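Counting from 1, one number per residue, gives the positions in the first sequence under UniProt numbering. We put the beta carbon where it would ideally sit given N, CA and C, even for glycine. Given the structure is predicted, the values throughout are model-derived calculations rather than measurements.
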Amino acid sequence: MSDLRSSKRISAEADDSSRKKARKDNDMDEDESYNPYLAHRQQGNGKSHHGVPSADSPFAGFQPRKTTAEQHSKVENLSDNAFTGQPHSQKYFQILETRRDLPVHKQRQEFLEKYHSTQILVFVGETGSGKTTQIPQYVVYDELPNLSGKMVACTQPRRVAAMSVAQRVADEMDVKLGEEVGYSIRFEDMTGPKTMLKYMTDGMLLREAMHDHEMSRYGCIILDEAHERTLATDILMALLKQIAARRPDLKIIIMSATLDAQKFQRYFNDAPLLAVPGRTHPVEIFYTPEPERDYVEAAIRTVLQIHASEPEGDILLFLTGEDEIEDACRKISMEADELQREVDAGPLVVYPLYGTLPPQQQQRIFDKAPPPLRKGGKPGRKCIVSTNIAETSLTIDGIVYVVDPGFSKQKIYNPRIRVESLLVSPISKASAQQRAGRAGRTKPGKCFRLYTEKAFKKELIEATYPEILRSNLANTVLELKKLGVEDLVHFDLMDPPAPETMMRALEELNYLACLDDDGELTTLGGLASEFPLDPALAVMLISSPEFYCSNEILSITSLLSVPQIFVRPANNRKRADEMKSHFAHPDGDHLTLLNAYHAFKGQSVNDSHGAKQWCHEHFLSFRHLSSADNVRAQLKRIMETHGLELVSTPFEDKNYYNNIRRALLSGFFMQVAMKESSGKVYRTVKDDQAVLIHPSTVLRTEYDWVLYNEFVLTSKQYIRTCTGIRPEWLMEIAPTYYDLETFDDGDVKRSLMRAAEKKRRKAAMKSDR
DNA sequence: GAGCACTGC
1 MSDLRSSKRI
11 SAEADDSSRK
21 KARKDNDMDE
31 DESYNPYLAH
41 RQQGNGKSHH
51 GVPSADSPFA
61 GFQPRKTTAE
71 QHSKVENLSD
81 NAFTGQPHSQ
91 KYFQILETRR
101 DLPVHKQRQE
111 FLEKYHSTQI
121 LVFVGETGSG
131 KTTQIPQYVV
141 YDELPNLSGK
151 MVACTQPRRV
161 AAMSVAQRVA
171 DEMDVKLGEE
181 VGYSIRFEDM
191 TGPKTMLKYM
201 TDGMLLREAM
211 HDHEMSRYGC
221 IILDEAHERT
231 LATDILMALL
241 KQIAARRPDL
251 KIIIMSATLD
261 AQKFQRYFND
271 APLLAVPGRT
281 HPVEIFYTPE
291 PERDYVEAAI
301 RTVLQIHASE
311 PEGDILLFLT
321 GEDEIEDACR
331 KISMEADELQ
341 REVDAGPLVV
351 YPLYGTLPPQ
361 QQQRIFDKAP
371 PPLRKGGKPG
381 RKCIVSTNIA
391 ETSLTIDGIV
401 YVVDPGFSKQ
411 KIYNPRIRVE
421 SLLVSPISKA
431 SAQQRAGRAG
441 RTKPGKCFRL
451 YTEKAFKKEL
461 IEATYPEILR
471 SNLANTVLEL
481 KKLGVEDLVH
491 FDLMDPPAPE
501 TMMRALEELN
511 YLACLDDDGE
521 LTTLGGLASE
531 FPLDPALAVM
541 LISSPEFYCS
551 NEILSITSLL
561 SVPQIFVRPA
571 NNRKRADEMK
581 SHFAHPDGDH
591 LTLLNAYHAF
601 KGQSVNDSHG
611 AKQWCHEHFL
621 SFRHLSSADN
631 VRAQLKRIME
641 THGLELVSTP
651 FEDKNYYNNI
661 RRALLSGFFM
671 QVAMKESSGK
681 VYRTVKDDQA
691 VLIHPSTVLR
701 TEYDWVLYNE
711 FVLTSKQYIR
721 TCTGIRPEWL
731 MEIAPTYYDL
741 ETFDDGDVKR
751 SLMRAAEKKR
761 RKAAMKSDR
């Protein structure tokens, strides 16, 4: 119950003190954007002491935050680039023409007026409106960061988007990427001292905020794709709402698709709204008259019907996961061949699409549809069978038909047993609309929904629950503490999570000693928040020098932060398992991962080109091992910055592996299971869930106690990536959690008591001698 | 003896 107590105390605190402190720390003038006392910070050419452009500047006459679309246009038309002083390229003027053709351009003046009238603006633009590329540029011309010294930031939920949009906008502004326009994502900061406009991932802005609670580098922050409601976007919105109250000079724009616009407006104290139409084609929607029993079968049938009877155009089918997709692809291909023979249908190529597919194979979806089999024959088409990845992350032009069975895999969190799992669930109305929209990108399209119209209207929820309601929040709570949020219960989130989820997170962090009993961030917690890791992993890494194995734990942590490195193709499972057994360590999967990594590194040192081939032969993922290497380098840098030593126990030492297993426990002592007296079933400590060790394990020794990395809920309850441990270690390494007083009577308690007794006797014998 | 929707730091 300690969690309840500590969280009550947290909520009882008013956040006045933090607000006052922040106000004092904040060096911005409250009433004026351009503080003369800050003039010394400003750099660049052609400006006066007050941040207003001088008479000889191309921006002469511009009053920051009072500019007009006409002024912008004039400067854009100049033969020289007003920001760099360089002559504009030919390409620049070509792009400028297409930019002025975008729907959003017509409303440039209207946008500026709204922007001037308010601190927070909600901007709604459909796909194809040009909002992501244009709005930030309009803001740059109005803010003139080259004079004010305050950047414009635009966040994206995904890295690729941040990178590609930044490149596009750099071209549009005729500047070099990384100079006036740049981007910042994990592993890559493409910005410089001249950067005015910065595209970045939402997670990256959150990281920055941990060290700059006022986000003082920015004059305007634009949150793009806010309707996606990622964890980071939700936290940023709440944070920005707070900061906006302290920093009247900070402007905020929330950009979103139409559906939730009013919800955003209400949340931001009735902020004004500007809507811009998109540029898409109409999509005709068809529903099934009766509910379908087997949606995969119905989907395959629909695809084949479209192919047999509808005019030219590619097909996009949404299914839920890899297996289902591969299976459907096979069936569609087979049936389509038959159609070709029987009714002279055109050729149909089928491509699977999902996130874990290697990038080269993902690229194939952009191949052109096949030509007719013979001259004058029916045209060919392609059919893409995809997960939700095609709903948001990837857009494919040329899609005319969408088949939507109405399901996707979604993460859900059960705080009672502290388990996140994936569940096939019905999609939301917003999702269904997004999917349908994929059919109208190049010409009018059709969307076949494999559910009834009544089901759409009555059974589908409006929008998918935001991620914050479906996640374990331990990491989020730690981040918020580091962000200086004192009062978590009254932190004004758009959709506050269930109290039980919050309690669980506080409890977990308290056990990990990241929060003290008063809910305050401890030194350990502060350090843990510096790492881009879940709290248990961060604590394990920070504790590892005490166990003389920080080098090894650093590697294991990195390997646990990337997708599975062991590859197991469906047609070659036996051989893959054989290869994996070469790396197997009898004490568990963590040590097996380490063995594979060490072998990979040994290979890379000798022959970096051969490493790829070597991985292929050994059924290891070169991509994921390289990415683990990348993560490792980042984590290592953070360790060095904070004076955490990188040490190893000599390999010849008999405690080399024991030290590693003990260090694993320093973070994962809450993820431990004990074998029941009979059979193969284990029970998790405290949560008391019956679990099986996942069949992918290398554990062969019959351990009574194991620690696990992951609890997976599929056909059964499994624990995955397991390592054997000794019960006496638990009480030694995590005495508070394993305080026997707190355990209910039962097998677990009895077994722990026996271990404690054995240990006492051993110690007594030692001291007798 | 099984499966990994998708992101992100």
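Rounded to a whole number of angstroms, what is the C-alpha to C-alpha distance between residue 553 and residue 231?
Residue 553 and residue 231: Cα-Cα distance of roughly 28 Å.
Helix, strand or coil for residue 38? Go by DSSP, reduced to three states.
Reliability fails at residue 38, whose pLDDT of 45 lies under 50, so the model's placement of it is uncertain and no value is given.
So, using beta-carbon positions, are residue 271 and residue 227 closer together than 8 Å?
Taking 8 Å as the Cβ cut-off, residue 271 and residue 227 do not qualify as a contacting pair.
Counting pairs of Cβ atoms below 8 Å between the segment 235-252 and the segment 474-484, do you hit three or more?
Verdict: yes, contact present.
For residue 532 and residue 681, what's the separation of their Cα atoms in angstroms?
About 34 Å.
Anyone know if the C-beta pair for residue 558 and residue 646 falls short of 8 Å?
No, they are not a contact pair.
Using a Cβ-Cβ cut-off of 6 Å (strictly less than) and excluding sequence neighbours within five positions of residue 388, which residues of its own chain qualify?
Excluding sequence neighbours, residue 388 sits near 408.
Residue 743 to residue 686, Cα distance in whole Å?
Answer to the nearest angstrom: the Cα atoms are 8 Å apart.
Please identify the residue among 140, 289, 587 and 53 whose C-alpha is closest to the C-alpha of residue 699.
Answer by Cα proximity: 587.
What residues are listed by DSSP as bridge partners for residue 615?
Per DSSP, none; premise fails for residue 615.
Considering only residues of the same chain and omitting the five flanking positions on each side of residue 663, which have a CB-CB separation below 7 Å?
Correct list, in chain order: 540, 543, 544, 547, 549 and 553.
Would DSSP call residue 600 helix, strand or coil?
In the structure shown, residue 600 sits in a helix (DSSP, three-state: H, G or I).
Evaluate the contact criterion for the segment 666-679 versus the segment 729-745: three or more CB pairs, one atom per stretch, below 8 Å.
As far as the Cβ criterion goes, the segment 666-679 touches the segment 729-745, which means the pair count is three or higher.
So, with DSSP's three-state summary, where would you put residue 622?
Residue 622 falls in the helix class under three-state DSSP.
Beta carbon of residue 202, beta carbon of residue 167: below 8 Å?
Taking 8 Å as the Cβ cut-off, residue 202 and residue 167 do not qualify as a contacting pair.
Check residue 362 in the structure and name its three-state DSSP category.
Helix.
Of the choices 585, 192, 651 and 617, whose alpha-carbon is the least far from that of residue 697?
It is 585 whose Cα lies nearest to the Cα of residue 697.
Which first and last residues belong to the alpha helix (DSSP H) in which residue 388 is found?
Premise fails: residue 388 is in no alpha helix (DSSP H) and is neither H nor E.
Identify whether residue 753 lies in helix, strand or coil by the three-state DSSP scheme.
If DSSP states are grouped into helix, strand and coil, residue 753 belongs with the helices.
Bridge partners for residue 414 per DSSP, in chain order?
419, per the DSSP bridge assignment.
Just reading off the alpha helix (DSSP H) that residue 284 is part of, what are its end residues?
No alpha helix (DSSP H) holds residue 284; the beta strand (DSSP E) holding it covers 283-287.
From residue 215 to residue 119, what does the alpha carbon distance come to, in whole angstroms?
Their backbone Cα atoms lie some 15 Å apart in a straight line.
What beta strand (DSSP E) runs, 3 residues minimum, are completely inside the segment 626-710?
Counting only runs of 3 or more, we get 672-675, 682-684 and 690-693.
Looking only at its own chain, which residues have a Cβ that is under 8 Å from the Cβ of residue 313, when we skip the five neighbours before and after it?
Answer for residue 313: 381, 398, 399, 400, 401, 443 and 445, listed in chain order.
For the candidate residues 180, 134 and 143, whose alpha-carbon lies nearest to that of residue 81?
Nearest option by C-alpha distance: 180.
Check whether the segment 452-471 touches the segment 747-754, counting contact only when three or more Cβ pairs, one atom from each stretch, lie closer than 8 Å.
The segment 452-471 vs the segment 747-754: no contact.
Can you give the Cα-Cα distance for residue 87 and residue 602, rounded to whole angstroms?
Going by the C-alpha atoms only, they are around 52 Å apart.
What would DSSP say about residue 768, mapped onto helix, strand or coil?
Of the three classes helix, strand and coil, the one that applies to residue 768 here is helix, per DSSP.
Is the separation between the beta-carbon of residue 488 and that of residue 502 shorter than 8 Å?
Contact flag set, yes.
Counting C-beta neighbours from all protein chains within 10 Å, is the total for residue 757 16 or more, i.e. buried, or is it exposed?
It is exposed - the Cβ of residue 757 has fewer than 16 other Cβ atoms within 10 Å.
To which residues does DSSP link residue 120 through a beta bridge?
Answer by DSSP bridge pairing, in chain order: 252.
Going by the beta-carbon positions, is the gap between residue 515 and residue 525 smaller than 8 Å?
Yes, Cβ-Cβ distance for residue 515 and residue 525 is below 8 Å.
So if DSSP puts residue 808 in a beta bridge, which residue, or which two residues, is it bridged to?
Residue 808 falls outside the range modelled here, since the chain spans only 1 to 769, and no answer is possible.
So what does DSSP say about residue 236, is it helix, strand or coil?
Of the three classes helix, strand and coil, the one that applies to residue 236 here is helix, per DSSP.
Taking buried to mean at least 16 other C-beta atoms within 10 Å of its own C-beta, is residue 34 buried or exposed?
Its pLDDT being 45, under 50, residue 34 is placed unreliably by the model, and the measurement read from it follows with that caveat. That one is buried.
Can you give me the Cβ contacts of residue 274 inside the same chain, cut-off strictly under 8 Å, excluding the 5 residues immediately before and after it?
107, 110, 111, 114, 121, 122, 123 and 124, listed in sequence order.
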